[in-house]
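Below you'll find the structure, written out as structure tokens, and then a few comments.
Residue numbers (the working numbering), protein chains in the order written: chain A, -7 to 184; chain B, -7 to 184.
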């Protein structure tokens, strides 16, 4: 997606340790106009599917899911990272390793909001090692719902998450795939 | 807001300890159509202000802020509850007591995304004791930005957060104010 790649080139910051910071427009401050363009693009890419619900994980995924959901005219469910006393005990649960935060999260979705009738689009901001998406897929499988596909804004193509998901036959649409980044020069190379 | 009160009556669950669960449409599964109506209503209520940024706090606030922001045509900034290694050290910080999760959070906003030029609308799902909103106001004051107002979806009118904010001269617009709830009967009484 040309507009997105231009924005990453302009405002993304490459840091040591293969960190790509996009918190000026995607996951701390959020450019809602850009998310609307992203929503239109996911709708175009998944036009042939019968998605009735969008699943993401807190926190960065939520804004994306909310805006994207408007183009599919469906509700959003977001997986929660810790057990809240406001949630019933009746939840699907999985564990997700976060490399950003260097810890393992318990992730839950209430059983009320995923069922075998559901056709799910998973969306998230980043796909790197794939742990977050695999956790969400684990929850979808527990619920008996159908995974229609995975929509990612930025895939780190030099990590193996996307490859592993596609090898399992999962449809992954990434709007920008970064094949290489150089923290010294700030250069970002996209896959085309 | 009539539509919202009807939805709370229909799908809200009153639990012991003054807990109002709205996770079927607001803070776990999210009805995006309802949020669009909420966005229109906040725009109507704050039409006389010159808001250029919406501030909220993860996680439930993010979907609300993202949809509402479309009606103001402004970006969103969400405060983060824990220090991420992906964030610079240059942050505004405050502490917020969460009664839901029975702990104190360190909350941060990068100094890059709030400045004295900003005119801020704070939005959140609930206002009860007011700790979350007061934490966000503390961050706004540290940045020198101007707080234009606070937009809340559900205010628990029997707790003192809204009263305390209004007594300080802060403009608080709550789309539904619950004056009483009865866990035994499920009855919810709104202020009109």
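Glycine included, each C-beta is placed from N, C-alpha and C at the ideal position.
No experiment lies behind these values; they were computed from the predicted model shown.
query: Given 8 angstroms as the limit, is there contact between the stretch 117 to 124 of chain A and the stretch 141 to 149 of chain A, that is, 3 or more CB pairs closer than that?
result: yes
message: Which residues in chain B have a C-beta closer than 8 angstroms to the C-beta of residue 16 of chain A? List them in chain order.
response: Numbered from its first residue, the first chain carries residue 16 of chain A at position 24. 104, 105, listed in chain order.
- prompt: For residue 71 of chain B versus residue 47 of chain B, is the C-beta spacing smaller than 8 angstroms?
  reply: As a working note, residue 71 of chain B is residue 79 in the second chain. As a working note, residue 47 of chain B is residue 55 in the second chain. Result yes, Cβ atoms of residue 71 of chain B and residue 47 of chain B sit closer than 8 angstroms.
message: Measuring straight from C-alpha to C-alpha, what distance separates residue 38 of chain A and residue 1 of chain B?
response: Locating residue 38 of chain A in the first chain gives position 46, counting from the first residue. Locating residue 1 of chain B in the second chain gives position 9, counting from the first residue. Taking the straight line from one Cα to the other gives about 36 angstroms.
- request: Label residue 82 of chain B either buried or exposed according to how many other C-beta atoms from any shown protein chain fall within 10 Å of its C-beta, with 16 as the threshold for buried.
  value: Counted from its first residue, the second chain places residue 82 of chain B at position 90. Residue 82 of chain B comes out exposed.
message: Does chain B have any CB closer than 8 angstroms to the CB of residue 23 of chain A?
response: In the first chain, counting from the first residue as 1, residue 23 of chain A sits at position 31. Closer than 8 angstroms to some Cβ of chain B, the Cβ of residue 23 of chain A qualifies, so yes.
task: Check whether the Cβ atoms of residue 154 of chain A and residue 113 of chain A lie closer than 8 angstroms to each other.
output: If you number the first chain from 1, residue 154 of chain A lands on position 162. If you number the first chain from 1, residue 113 of chain A lands on position 121. Result no, Cβ atoms of residue 154 of chain A and residue 113 of chain A do not sit closer than 8 angstroms.
message: Just to confirm, is the Cβ distance from residue 183 of chain B to residue 171 of chain B under 8 angstroms?
response: For the purposes of this step, residue 183 of chain B is taken as residue 191 along the second chain, with counting starting at 1. For the purposes of this step, residue 171 of chain B is taken as residue 179 along the second chain, with counting starting at 1. Cβ distance < 8 angstroms, so residue 183 of chain B and residue 171 of chain B count as in contact.
query: Who are the neighbours of residue 155 of chain B on chain A, taking C-beta pairs under 8 angstroms?
result: For this step, residue 155 of chain B is matched to residue 163 along the second chain. Neighbours of residue 155 of chain B on chain A: none; closest Cβ ~23 angstroms, over 8 angstroms.
Identity of the residue in A:29, A:36, A:43, A:50 nearest residue 19 of chain A by Cα: Locating residue 19 of chain A in the first chain gives position 27, counting from the first residue. If we check each option's Cα against that of residue 19 of chain A, A:50 comes out closest.
- request: Measure from the alpha carbon of residue 157 of chain A to the alpha carbon of each residue in A:-4, A:22, A:126, then state which is nearest.
  value: As a position in the first chain, residue 157 of chain A is number 165, starting the count at 1. Of the candidates A:-4, A:22, A:126, the one whose C-alpha sits nearest the C-alpha of residue 157 of chain A is A:126.
task: Quick one: measure Cβ to Cβ for residue 135 of chain A and residue 102 of chain A, integer angstroms, because I've assumed they're closer than 8 angstroms.
output: Along the first chain, read from residue 1 onward, the residue named residue 135 of chain A stands at position 143. Along the first chain, read from residue 1 onward, the residue named residue 102 of chain A stands at position 110. Not a contact, Cβ separation roughly 10 angstroms.
query: Hey, how far is the Cα of residue 55 of chain A from the Cα of residue 176 of chain A?
result: Your numbering for residue 55 of chain A matches position 63 in the first chain. Your numbering for residue 176 of chain A matches position 184 in the first chain. C-alpha separation (whole angstroms): 31 angstroms.
task: Tell me whether the beta-carbon of residue 41 of chain B lies closer than 8 angstroms to the beta-carbon of residue 111 of chain B.
output: Position 49 of the second chain, counted from the start, is the residue given in the question as residue 41 of chain B. Position 119 of the second chain, counted from the start, is the residue given in the question as residue 111 of chain B. Taking 8 angstroms as the Cβ cut-off, residue 41 of chain B and residue 111 of chain B qualify as a contacting pair.
task: Tell me where the alpha helix (DSSP H) around residue 125 of chain A begins and ends.
output: One-based indexing of the first chain puts residue 125 of chain A at position 133. 123 to 135 is the extent of the alpha helix (DSSP H) around residue 125 of chain A.
query: What residue does the alpha helix (DSSP H) around residue 153 of chain B start on, and which one ends it?
result: For the purposes of this step, residue 153 of chain B is taken as residue 161 along the second chain, with counting starting at 1. Unbroken alpha helix (DSSP H) run through residue 153 of chain B: 153 to 159.
Span of the beta strand (DSSP E) around residue 114 of chain B: Counted from its first residue, the second chain places residue 114 of chain B at position 122. Unbroken beta strand (DSSP E) run through residue 114 of chain B: 111 to 119.
message: In this structure, how does DSSP classify residue 95 of chain A when only helix, strand and coil are distinguished?
response: Counting from one through the first chain, the residue named residue 95 of chain A turns up at place 103. In the structure shown, residue 95 of chain A sits in a strand (DSSP, three-state: E or B).
Assigned secondary structure, residue 59 of chain B (DSSP; H/G/I helix, E/B strand, else coil): Translated into positions along the second chain, residue 59 of chain B becomes position 67. Of the three classes helix, strand and coil, the one that applies to residue 59 of chain B here is helix, per DSSP.
message: Is it buried or exposed, residue 133 of chain A, if we count other Cβ atoms within 10 angstroms and call 16 or more buried?
response: Translated into positions along the first chain, residue 133 of chain A becomes position 141. By the neighbour-count rule (16 or more Cβ atoms within 10 Å), residue 133 of chain A is not buried but exposed.
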